[in-house]
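Residue numbers (our numbering): 11 to 397.
Even for Gly, the Cβ is constructed at its ideal location relative to N, Cα and C.
Written below as structure tokens is the structure these notes are about.
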Ligand SMILES: Cc1ncc(COP(=O)(O)O)c(C=O)c1O
């Protein structure tokens, strides 16, 4: 099946309650049985069924099956948020004394785990210059438990060569994890390039309507089982209502992302010609420094772009305050266009010193393209940039 078909059908093969055609939202916390024997059989995994919604839930299960199908992995496990997916994966798989190799540019919450929380637990984290594949390969070859990647990066839109770093990790016996939130399974399936675990903030493109938080990790059943066991105890379970909203979102994911890919490319091209723009970061532009890698591993270049303007802070404020067709908000990947700067969006959790340490430019405007007509968005940018 193609991705569009999987988005609609995967995980929904069984007959639902009362033959409902849509996935029922099962709010029940627990699932009751008539006999102790039957209850025991389900508890021991000898019979299919559910026990308690912190561990598994029928609505949530549909989302997990759909995501495993979309990413082409054996299975997946869901979480209450994208950050829960990232932190549970890391804390389930590494131990004090282990070493992680990663890149400097990752989503701010993830960077905070690498800068503060993992080192506090005795885990050594080596953060390489993003895009310097050679130095990452060297660091990986020194030996590490886990290689953590994110591509395209938030908000700098750098592209990491998944195949190259996955094969370096395989030679070192390390687990490769990547955050695929920006690309979505429509544009990239990291497992095809050797990545073991594929993470999403389901809050973003998967949900698509900015009305549910969620996260997911897709991968082989052995690793997912370890992460799932940790989550059952840690308790960061996805709420069934959020799972339902995300499942509904995934059904139109391919349509939205296809449109967002097209519009973002058009808008990036327009911004390149505007005299008030200093730099446009979009991997779909032939001039982008990672364009060749992007072409190799992305079917489309995504709905997010970033840009810097001439005139410093005053113009940044003018542009953002005058945008009529963009919400100024700490989110991305929704049907509405959204804009903001790292200090209020991707790296809000980091201090100004941490952003400096990570090389995140303060004046970058991140622009998440919605599904509006790109001509309207261009006209809106034009008027805001000419203020
Ligand atoms: C690339 C990326 N990964 C992870 C997250 C965290 O997701 P959540 O907000 O669902 O916890 C975000 C949030 O913006 C993100 O942009």
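- DSSP lists 290 and 375 as the bridge partner or partners of residue 317.
- Taking each of 305, 77, 263 and 65 in turn and checking the Cα distance to residue 207, the smallest one comes out for 77.
- Rounded to the nearest whole angstrom, the CA to CA distance from residue 351 to residue 268 is 25 Å.
- The three-state secondary structure of residue 209, taken from DSSP, is strand.
- Residue 280 sits away from residue 370, with the two beta carbons spaced by 7 Å or more.
- Between the segment 217-224 and the segment 58-69 there are fewer than three C-beta pairs closer than 8 Å, too few to call the two in contact.
- A residue is called buried when at least 16 other Cβ atoms come within 10 angstroms of its Cβ; residue 128 meets this threshold and is buried.
- From the listed residues 204, 272 and 284, the smallest Cα separation to residue 392 is found for 284.
- For the pair residue 272 and residue 313, the Cα-to-Cα distance works out to about 8 Å.
- Residue pairing from DSSP places residue 338 in a beta bridge opposite 349.
- Residue 131 counts as exposed, since fewer than 16 other C-beta atoms from the protein chains shown sit within 10 angstroms of its C-beta.
- When the five nearest sequence neighbours on each side are left out, the beta carbons in the same chain lying within less than 8 Å of the beta carbon of residue 384 are those of 272, 273, 276 and 277, in order along the chain.
- Remark: the C-beta of residue 137 is outside contact range of ligand 1, defined as less than 6 Å to any heavy atom.
- Contact between residue 203 and residue 176 holds, since their C-beta atoms are separated by about 6 Å, short of 8 Å.
- If you draw a straight line from the Cα of residue 56 to the Cα of residue 155, it comes to about 34 Å.
- With a cut-off of 6 Å, the C-beta of residue 386 is classified as distant from ligand 1, since no heavy atom of the ligand falls inside that distance.
- Where residue 73 is concerned, there is no enclosing beta strand (DSSP E), although the alpha helix (DSSP H) around it starts and stops at 68-81.
- Shown here, residue 108 sits in coil according to DSSP, grouped into three states, outside any helix or strand.
- The alpha carbon of residue 353 has as its nearest neighbour, out of 163, 344 and 376, the alpha carbon of 376.
- Residue 93 sits away from residue 118, with the two beta carbons spaced by 7 Å or more.
- With 16 or more other Cβ atoms from the protein chains shown falling within 10 Å of its own Cβ, residue 308 counts as buried.
- Taking all protein chains shown into account, residue 135 has 16 or more neighbouring C-beta atoms within 10 Å of its C-beta and is therefore buried.
- Check the Cα spacing between residue 81 and each of 162, 205, 300 and 36: the tightest is with 205.
- Placement of the Cβ of residue 189 at a distance of less than 6 Å from at least one heavy atom of ligand 1 is found.
- The Cβ neighbour count for residue 27, taken over all protein chains shown within 10 Å, is under 16; the residue is labelled exposed.
- Counting along the chain, the unbroken beta strand (DSSP E) around residue 156 starts and ends at 156-160.
- Taking all protein chains shown into account, residue 114 has 16 or more neighbouring C-beta atoms within 10 Å of its C-beta and is therefore buried.
- Distances between the C-beta of residue 93 and the heavy atoms of ligand 1 include at least one below 6 Å.
- Beta-bridge partners assigned by DSSP to residue 225: 89 and 211.
- The DSSP-derived three-state label of residue 45 is coil.
- By the Cβ neighbour-count rule, residue 300 is buried, with 16 or more other Cβ atoms within 10 Å of its own.
- Spanning the alpha carbons of residue 325 and residue 102 requires a straight line of approximately 45 Å.
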